[in-house]
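Asks: Numbering (UniProt numbering), first residue to last: 1 to 245.
Backbone N, C-alpha and C define an ideal beta-carbon position, used for all residues, glycine too.
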Ligand code: SAH
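Okay, here's the thing in structure tokens:
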């Protein structure tokens, strides 16, 4: 069976959205992955089909009901029993490339997309749900966050990236940001491409890229250096540089 995603949402028409295009779209059409967007409102039982109610304790906005969401979550478990159940929320664990790699290696994911002020906390106590955040900012809904997570996972699935360098040197793979890229024209607005990249000396190019990656990471993301404590995985073998053309 292919890698399968179940998305629980109030806006199923937002899916696959951008993931119906380009690499992910082609892979979806070829059956390398599959997804179902399930309408949360289908699990409402009252005559207004309500999915939310006012916050206990007062305050602005509405809160998604635990009883309705639990039925939706149980449906997702039936659809893909071994897929981890994730909920998109700014209160969640930050999404990282390590987690993406782990999720991409599994049978798929189920994702609960929040709206309004969020989700009744009792749902997280009553069901095995991993809250996930895509960053320290607030979105209007979990759908765009779910698209981010799915995009990151799908591109790692076997066959999806085709001839691309399969991400072994990419940002975060070695605990660093990736080195900067250049392409023709050689001179543009008076700026040239670093000479070393035209040298044809693969060892020198690899060393230059490694140094650039380290400098840029130190400047832009000192937290990454800190997190990996300087002990990073060795860079991939020189053979891969040669494939790059
Ligand atoms: N009141 C909430 C924010 C609600 S935003 C708070 O302050 O924590 C509405 C929905 O958007 C959330 O339920 C969640 O599903 C989604 N969302 C917003 N920001 C997000 C983020 N950084 N990561 C993942 N999901 C997010």
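Spatial neighbours of residue 14 within its chain, please: C-beta separation below 7 Å, excluding the five flanking residues on both sides.
Replies: Counting from 1 along the chain shown, the entry for residue 14 is found at position 14. Correct list, in chain order: 143.
Asks: Would you call residue 114 buried or exposed, if buried means 16 or more other Cβ atoms sit within 10 Å of its Cβ?
Replies: As a position in the chain shown, residue 114 is number 114, starting the count at 1. Label assigned to residue 114: buried.
Asks: Which residues mark the beginning and the end of the beta strand (DSSP E) in which residue 89 is found?
Replies: Here residue 89 is taken as the residue at index 89 of the chain shown, counted from 1. Looking at the DSSP string, the run of the beta strand (DSSP E) that includes residue 89 is 85-94.
Asks: Got a sec: does the ligand SAH put a non-hydrogen atom nearer than 7 Å to the Cβ of residue 139?
Replies: Locating residue 139 in the chain shown gives position 139, where the first residue counts as 1. The answer is yes for residue 139.
Asks: Who pairs with residue 131 in a beta bridge, going by DSSP?
Replies: Counting from one through the chain shown, the residue named residue 131 turns up at place 131. DSSP output for residue 131 lists 87 as bridge partner(s).
Asks: Quick check: what's the CA-CA separation for residue 176 versus residue 35?
Replies: The residue given as residue 176 occupies position 176 in the chain shown. The residue given as residue 35 occupies position 35 in the chain shown. The straight-line gap from Cα to Cα measures roughly 32 Å.
Asks: How about residue 34: is its Cβ closer than 7 Å to a heavy atom in the ligand SAH?
Replies: Along the chain shown, one-based indexing puts residue 34 at 34. Because no heavy atom of the ligand SAH lies under 7 Å away, the Cβ of residue 34 does not count as near it: no.
Asks: How would you call residue 8, buried or exposed, if buried means at least 16 neighbouring beta carbons within 10 angstroms?
Replies: As a first step, residue 8 is located in the chain shown; it is residue number 8 there, counting from the start. Flag for residue 8 reads buried.
Asks: In angstroms with no decimal places, state the Cα-to-Cα distance between residue 213 and residue 180.
Replies: Against the chain shown, residue 213 aligns to sequence position 213. Against the chain shown, residue 180 aligns to sequence position 180. Near 8 Å, if we compare the C-alpha coordinates of residue 180 and residue 213.
Asks: Would you say the beta carbon of residue 119 comes nearer than 7 Å to a heavy atom of the ligand SAH?
Replies: The residue given as residue 119 occupies position 119 in the chain shown. Yes; taking the cut-off as 7 Å, the Cβ of residue 119 has a heavy atom of the ligand SAH nearer than that.
Asks: Within a Cβ cutoff of 8 Å, which residues of the same chain sit near residue 91, ignoring the five residues on either side of it in sequence?
Replies: Here the question's residue 91 lines up with position 91 in the chain shown. Correct list, in chain order: 118, 131 and 133.
Asks: Does the region 51-60 touch the region 73-83, meaning 3 or more C-beta pairs lie closer than 8 Å?
Replies: Not touching, per the Cβ criterion.
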